[in-house]
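Just so you know, the sequence shown maps onto residues 1 to 689 in full-length UniProt numbering. Quick reminder that beta carbons are idealized off the backbone N, C-alpha and C, glycines included. Scroll down for the structure; my scribbles are underneath it.
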Amino acid sequence: MGSNIDIRTFEQIKASGDLPSPKGAALAIIRLTRKDDLSLAELARVIKTDPAFVGRLIKAANGAAFGSRRNVASVQDALVVLGLSSVRNMALGFSLLSSYRNGGCRGFDYDGFWSGALIMAITMQAVAQRIRTAPADEMFCLGLLSRIGELALATIYPGPYGEVLMLLKTAEASDLAACERAAFAMDHRELTAAMLADWGLPSLFVDTAALFEVPDTAQFPPDSRQRQVLDALCLADALRITCLSDPSLRAEQGAMLYPVGERLGMDVESVNALCDGVVAAWLEWGRVLQLETQDIPAMSSLTRAAVAASPVSSELKAAVTKGADAGDTPGVVNSAMRVLIVDDDAAVRTLLRGMLERAGHSVFDADCGRQGMELALEVQPHMMLVDAEMPDMSGLALTRALRQTRIGRSIYILILTASGEDESLIEAFDSGVDDFVAKPVRPRMLAARLRAGHRVIHLQQEVERDREEIRRFAAELAVKNRRLQEAALTDPLTGFPNRRYAIERMQQAWASSGRSGRPLCAMVIDIDAFKQINDSHGHDVGDQVLRQISAAIKQAVRGQDMVARTGGDEFLVLCPETDLSAALLCAERVRRAVRVARVNAGGLALDLSISVGVAERDADMPDPDALIKRADQGAYRAKAGGRNRVATIQLGAAGANGAPGAAADEHEISSAQVRAKPAVNPIVIDESA
Ligand SMILES: Nc1nc2c(ncn2[C@@H]2O[C@H](COP(=O)(O)OP(=O)(O)OP(=O)(O)O)[C@@H](O)[C@H]2O)c(=O)[nH]1
Numbered sequence: 001m002g003s004n005i006d007i008r009t010f011e012q013i014k015a016s017g018d019l020p021s022p023k024g025a026a027l028a029i030i031r032l033t034r035k036d037d038l039s040l041a042e043l044a045r046v047i048k049t050d051p052a053f054v055g056r057l058i059k060a061a062n063g064a065a066f067g068s069r070r071n072v073a074s075v076q077d078a079l080v081v082l083g084l085s086s087v088r089n090m091a092l093g094f095s096l097l098s099s100y101r102n103g104g105c106r107g108f109d110y111d112g113f114w115s116g117a118l119i120m121a122i123t124m125q126a127v128a129q130r131i132r133t134a135p136a137d138e139m140f141c142l143g144l145l146s147r148i149g150e151l152a153l154a155t156i157y158p159g160p161y162g163e164v165l166m167l168l169k170t171a172e173a174s175d176l177a178a179c180e181r182a183a184f185a186m187d188h189r190e191l192t193a194a195m196l197a198d199w200g201l202p203s204l205f206v207d208t209a210a211l212f213e214v215p216d217t218a219q220f221p222p223d224s225r226q227r228q229v230l231d232a233l234c235l236a237d238a239l240r241i242t243c244l245s246d247p248s249l250r251a252e253q254g255a256m257l258y259p260v261g262e263r264l265g266m267d268v269e270s271v272n273a274l275c276d277g278v279v280a281a282w283l284e285w286g287r288v289l290q291l292e293t294q295d296i297p298a299m300s301s302l303t304r305a306a307v308a309a310s311p312v313s314s315e316l317k318a319a320v321t322k323g324a325d326a327g328d329t330p331g332v333v334n335s336a337m338r339v340l341i342v343d344d345d346a347a348v349r350t351l352l353r354g355m356l357e358r359a360g361h362s363v364f365d366a367d368c369g370r371q372g373m374e375l376a377l378e379v380q381p382h383m384m385l386v387d388a389e390m391p392d393m394s395g396l397a398l399t400r401a402l403r404q405t406r407i408g409r410s411i412y413i414l415i416l417t418a419s420g421e422d423e424s425l426i427e428a429f430d431s432g433v434d435d436f437v438a439k440p441v442r443p444r445m446l447a448a449r450l451r452a453g454h455r456v457i458h459l460q461q462e463v464e465r466d467r468e469e470i471r472r473f474a475a476e477l478a479v480k481n482r483r484l485q486e487a488a489l490t491d492p493l494t495g496f497p498n499r500r501y502a503i504e505r506m507q508q509a510w511a512s513s514g515r516s517g518r519p520l521c522a523m524v525i526d527i528d529a530f531k532q533i534n535d536s537h538g539h540d541v542g543d544q545v546l547r548q549i550s551a552a553i554k555q556a557v558r559g560q561d562m563v564a565r566t567g568g569d570e571f572l573v574l575c576p577e578t579d580l581s582a583a584l585l586c587a588e589r590v591r592r593a594v595r596v597a598r599v600n601a602g603g604l605a606l607d608l609s610i611s612v613g614v615a616e617r618d619a620d621m622p623d624p625d626a627l628i629k630r631a632d633q634g635a636y637r638a639k640a641g642g643r644n645r646v647a648t649i650q651l652g653a654a655g656a657n658g659a660p661g662a663a664a665d666e667h668e669i670s671s672a673q674v675r676a677k678p679a680v681n682p683i684v685i686d687e688s689a
């Protein structure tokens, strides 16, 4: 099962380099997690090079949406909680999300794609917390990547894929996968599966991702893990469609959630509560990831009318309608309860059922203790009426067995007993029953006992809700703290790391290069004549210029280089594992990128330039400050030489470029010289770009 694309075709597509793939820090994280001798401290260090990923990782570890028990606030804790494979897959997912936010395929809604992927991710996480088929965080990643084949096709074939999407809009065709196969001899489902397999995700995920859009073709056994993950994906996809659809169609789409929820053992209330939780978390994640989201009304109010027409079981329908009549909040008992009767006497069952149904409760019944046990775990009643004497399993034995289970612990159990003896009642209470009703049952007495039970159940649920609130609040607080920490390390204008963060990173890189003996370079970049921009066109234009230039710099450096805004118009680039000649080449690339970029600000097209100083760590430098100072002196030198140039004050720049024995004490490097790798020391310079 899984991908049907033949390996050669996939390898060819992969070799073209067009497939979406992780970049920068994520790539380093993924590579590192493959190492046998990986240490968590090393991994944490790499993760910290990407502050945005740090925030997302911690948020995921906190499972913030569902008030999980975790309260994680550091990368190290997140690593311990999530484990390597989750972290690896998250690095993959979030890196793709950051790198493929837009692209060349007209008609492909990149933002909508990721927004939908996010709904699926959060739903998968929430379902996993209920059914525990696979770790919740891994399910989050599966949700995020479960339709990645669509993005891949839009990326590999931007023009033709745009045409396929147009065709679907014109209603000449309605089956996306069929159109894809006609145009590309493969569809997004196959490609998704091939990519997930290529990234090393488990076959459970690969196979289910290939089939969840066509679940009827899946041949997974009924209670298998595959079936559960497939159903979870179906639910996640149904919620994605519901949330992203036109508001006028939302109720109808939402009704499709319940049959899938039912397959996962969820009643209407549970589906509604889960979806509302997912929507709340989606809004929260959307803010973190700057993705478009929308406020969706509570699922219960949205779908009540539509569910009546949906293919759910009559019990589910009854539950929805009852909820509507009683003004139910999901998960909270008002007057109506789910009540399970367990009695071997059919006449008693009929009598009790009639009384309970007239009082508006949903009633289930079982004729023996074992069936009662199964049904209790399945329907999770609020209350049970259990006969004390039954042949296969007594009411007390059933109560004791139920109290051993998580579900059974919270059910309010009323024992029906013909014996009013103190001893037998004491034994019943010791077995875990909450109250008793004397047989033969007198309707008024039963009604009074039900009211008392209802009060207890209601209070229990209030406590549970408060506890849930507190958990949610704690998780939100942890995320907010994290965000504050992030804000303290980020420059608000450009979104780049600030000086404080740059210094921390520089110290780490310094220590790492000290241990490994690998080279380390720094660049100090200063925008030329920036003051004039402010003076001539105003501060707002100056700010726009800063943003555009910082983007051009980031674009021109490698993924593993860190760019920080360290002052007004000053940037620091840290280039790990890079020697001076490579750093000079890189600096020249940056200088040219800024020079050729037409900066549009305040309705003006501005030609701007930068001066760049480059330095490499050498044996004489006592600390990272010395390296920055040397790069700074290079920048000063570049300014003094006339601006719009790259300079270094270090010896052997030409030697570093491949000319052994060359020596000079100050160099300014032109693009021509860097390209030509001169055999003698370069001095000055043609500055035209
Ligand atoms: N718009 C804007 N301007 C800023 C910001 N921070 C600092 N500046 C301004 O940036 C300018 C920096 O100018 P300098 O680096 O001293 O000089 P310059 O004009 O760039 O000249 P050279 O560096 O010698 O080429 C100052 O006018 C600061 O007021 C900011 O956040 N936004």
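Query raised in the report: Does ligand 1 have even one heavy atom less than 8 Å from the beta-carbon of residue 528?
Result: Taking the sequence shown and counting its residues from 1, one reaches residue 528 at position 528. At least one heavy atom of ligand 1 lies closer than 8 Å to the C-beta of residue 528.
Query raised in the report: Got a sec: does ligand 1 put a non-hydrogen atom nearer than 8 Å to the Cβ of residue 572?
Result: Mapped onto the sequence shown, residue 572 falls at position 572. No - ligand 1 has no heavy atom lying nearer than 8 Å to the Cβ of residue 572.
**Report entry** residue 228 classed as buried or exposed, judged by whether at least 16 other C-beta atoms fall within 10 angstroms
**Finding:** By 1-based counting over the sequence shown, the position of residue 228 is 228. Residue 228 is buried by the Cβ-count criterion.
Report task. Kindly provide the ranges of any alpha helix (DSSP H) runs that are 4 or more residues long and lie completely inside the segment 32 to 61, ordered along the chain. Result -> Entirely contained in the segment 32 to 61, the alpha helix (DSSP H) runs reaching 4 residues are, in chain order, 40 to 47.
**Report entry** Own chain partners of residue 84 with C-beta closer than 6 Å, once the 5 adjacent residues on each side are dropped
**Finding:** Position 84 of the sequence shown, counting from 1, holds the residue named residue 84. Same-chain partners within the cutoff: 33.
Query raised in the report: Do you know how far the Cα of residue 563 is from the Cα of residue 553?
Result: By one-based count along the sequence shown, residue 553 stands at place 553. By one-based count along the sequence shown, residue 563 stands at place 563. In a straight line, the C-alpha of residue 553 is about 8 Å away from that of residue 563.
**Report entry** C-alpha distance - residue 60 paired with residue 79, whole-angstrom precision
**Finding:** In the sequence shown, the residue the question calls residue 60 occupies position 60. In the sequence shown, the residue the question calls residue 79 occupies position 79. For residue 60 and residue 79, the distance between alpha carbons rounds to 11 Å.
Query raised in the report: Straight-line CA distance for residue 213 to residue 252?
Result: Position 213 of the sequence shown, counting from 1, holds the residue named residue 213. Position 252 of the sequence shown, counting from 1, holds the residue named residue 252. Each residue's alpha carbon lies about 18 Å from the other.
**Report entry** C-alpha gap between residue 12 and residue 641, whole angstroms
**Finding:** Within the sequence shown, numbered from 1, the residue matching residue 12 stands at position 12. Within the sequence shown, numbered from 1, the residue matching residue 641 stands at position 641. Taking C-alpha positions only, residue 12 is separated from residue 641 by approximately 49 Å.
Requested in this report: Look up residue 469 in the DSSP assignment and say whether it is helix, strand or coil.
Outcome: If you number the sequence shown from 1, residue 469 lands on position 469. Helix.
Query raised in the report: How about residue 488: is its C-beta nearer than 9 Å to some C-beta of chain B?
Result: No chain B appears in the structure shown, which is made up of a single protein chain.
Query raised in the report: Would you call the segment 490 to 502 and the segment 583 to 593 touching, i.e. three or more CB-CB distances under 8 Å?
Result: Flag = no, the segment 490 to 502 and the segment 583 to 593 do not touch.
Report task. Would you check if the distance between the CB atom of residue 477 and the CB atom of residue 533 is smaller than 9 Å? Result -> Translated into the one-based positions of the sequence shown, residue 477 becomes position 477. Translated into the one-based positions of the sequence shown, residue 533 becomes position 533. Taking 9 Å as the cut-off, the Cβ atoms of residue 477 and residue 533 do not count as close.
Query raised in the report: What whole-angstrom Cβ distance do residue 142 and residue 209 have, given they're in contact under 8 Å?
Result: Here residue 142 refers to the residue found at position 142 of the sequence shown. Here residue 209 refers to the residue found at position 209 of the sequence shown. Confirmed, about 7 Å.
Requested in this report: Please report how far the alpha carbon of residue 15 lies from the alpha carbon of residue 8, in whole angstroms.
Outcome: Along the sequence shown, read from residue 1 onward, the residue named residue 15 stands at position 15. Along the sequence shown, read from residue 1 onward, the residue named residue 8 stands at position 8. Cα atoms of residue 15 and residue 8: separation of roughly 10 Å, rounded to the nearest angstrom.
Query raised in the report: In the DSSP assignment, what residue or residues form a beta bridge with residue 613?
Result: Counting from 1 along the sequence shown, the entry for residue 613 is found at position 613. According to DSSP, which records beta bridges pairwise, residue 613 is partnered with 524 and 647.
Query raised in the report: Going by DSSP, which residues form a beta bridge with residue 490?
Result: Counting from one through the sequence shown, the residue named residue 490 turns up at place 490. For residue 490, the beta-bridge partners assigned by DSSP are 497.
**Report entry** residue 534 beta carbon near ligand 1 (any heavy atom closer than 8 Å)
**Finding:** One-based indexing of the sequence shown puts residue 534 at position 534. Result yes, Cβ under 8 Å from ligand 1.
Query - Beta-carbon proximity of residue 340 to residue 383, cut-off 9 Å - result: Taking the first residue of the sequence shown as 1, we reach residue 340 at position 340. Taking the first residue of the sequence shown as 1, we reach residue 383 at position 383. In this structure, residue 383 lies closer than 9 Å to residue 340 by Cβ.
Query - For residue 517 and residue 556, the rounded distance between their alpha carbons - result: Here residue 556 refers to the residue found at position 556 of the sequence shown. Here residue 517 refers to the residue found at position 517 of the sequence shown. So the two alpha carbons sit approximately 26 Å from each other.
Requested in this report: Could you pull the start and end residues of the beta strand (DSSP E) that residue 575 belongs to?
Outcome: Along the sequence shown, read from residue 1 onward, the residue named residue 575 stands at position 575. DSSP places residue 575 in the uninterrupted beta strand (DSSP E) bounded by 570 to 576.
Query raised in the report: Comparing alpha-carbon positions, which option in 598, 148, 589 and 580 lies nearest residue 634?
Result: On the sequence shown, residue 634 is found 634 positions in, with the first residue counted as 1. Put simply, of 598, 148, 589 and 580 the residue whose alpha carbon is nearest the alpha carbon of residue 634 is 580.
Report task. Report whether the distance from the Cβ of residue 543 to the nearest heavy atom of ligand 2 is below 8 Å. Result -> The model on display carries ligand 1 but not ligand 2.
Query raised in the report: Would the beta-carbon of residue 395 fall within 9 Å of that of residue 417?
Result: As a working mapping, residue 395 is identified with position 395 in the sequence shown. As a working mapping, residue 417 is identified with position 417 in the sequence shown. A contact, by the Cβ cut-off of 9 Å.
Report task. Report the three-state DSSP secondary structure of residue 414 (helix, strand or coil). Result -> As a working mapping, residue 414 is identified with position 414 in the sequence shown. In this structure, residue 414 counts as strand in the three-state DSSP scheme.
Query raised in the report: Mind checking whether the beta-carbon of residue 539 lies closer than 8 Å to any heavy atom of ligand 1?
Result: Within the sequence shown, residue 539 is the residue found at index 539, counting from 1. With a cut-off of 8 Å, the C-beta of residue 539 is classified as near ligand 1, since at least one heavy atom of the ligand falls inside that distance.
Query raised in the report: Measuring CB to CB, does residue 235 end up less than 9 Å from residue 146?
Result: Indexing the sequence shown from 1 puts residue 235 at position 235. Indexing the sequence shown from 1 puts residue 146 at position 146. No; because the gap between Cβ atoms is not below 9 Å, this pair is not in contact.
**Report entry** Sequence-distant residues of the same chain with beta carbon closer than 8 Å to residue 456, five excluded per side
**Finding:** Position 456 of the sequence shown holds residue 456. Once the five neighbours on either side are set aside, the close Cβ partners of residue 456 are 412 and 434.
Report task. Consult DSSP for residue 692 and reduce its assignment to one of helix, strand or coil. Result -> Shown here, the chain extends from 1 to 689; a query on residue 692 therefore has no answer.
Query - Near ligand 1: residue 607 beta-carbon under 8 Å from a heavy atom - result: As a first step, residue 607 must be located in the sequence shown, where it is residue number 607. Checking every heavy atom of ligand 1 against the Cβ of residue 607, none is found closer than 8 Å.
Query raised in the report: In angstroms, rounded to a whole number, what distance separates the CA positions of residue 144 and residue 291?
Result: Here residue 144 refers to the residue found at position 144 when the sequence shown is read from its first residue. Here residue 291 refers to the residue found at position 291 when the sequence shown is read from its first residue. The alpha-carbon atoms of residue 144 and residue 291 are separated by roughly 13 Å.
Query - alpha helix (DSSP H) segments (min. 4 residues) lying fully within the segment 207 to 292 - result: For secondary structure counted as the alpha helix (DSSP H) over 4 or more consecutive residues, the segment 207 to 292 holds these complete runs in sequence order: 225 to 244, 247 to 254, 257 to 263 and 268 to 289.
Query raised in the report: Exposed or buried, which one is residue 405 when buried takes at least 16 other CB atoms within 10 Å?
Result: Along the sequence shown, read from residue 1 onward, the residue named residue 405 stands at position 405. Residue burial annotation: residue 405 is exposed, with fewer than 16 other C-beta atoms found within 10 angstroms of its C-beta.
Query raised in the report: Within the present structure, is the beta-carbon of residue 643 separated from the nearest heavy atom of ligand 1 by less than 8 Å?
Result: For this step, residue 643 is matched to residue 643 along the sequence shown. Yes; taking the cut-off as 8 Å, the Cβ of residue 643 has a heavy atom of ligand 1 nearer than that.
Query raised in the report: Cβ of residue 695 within 8 Å of any heavy atom in ligand 1?
Result: With the chain covering 1 to 689 only, the question about residue 695 has no answer from this structure.
Report task. Examine ligand 1 and report whether any of its heavy atoms sits within less than 8 Å of the Cβ of residue 569. Result -> Here the question's residue 569 lines up with position 569 in the sequence shown. Residue side-chain check: residue 569 places its Cβ nearer than 8 Å to a non-hydrogen atom of ligand 1.
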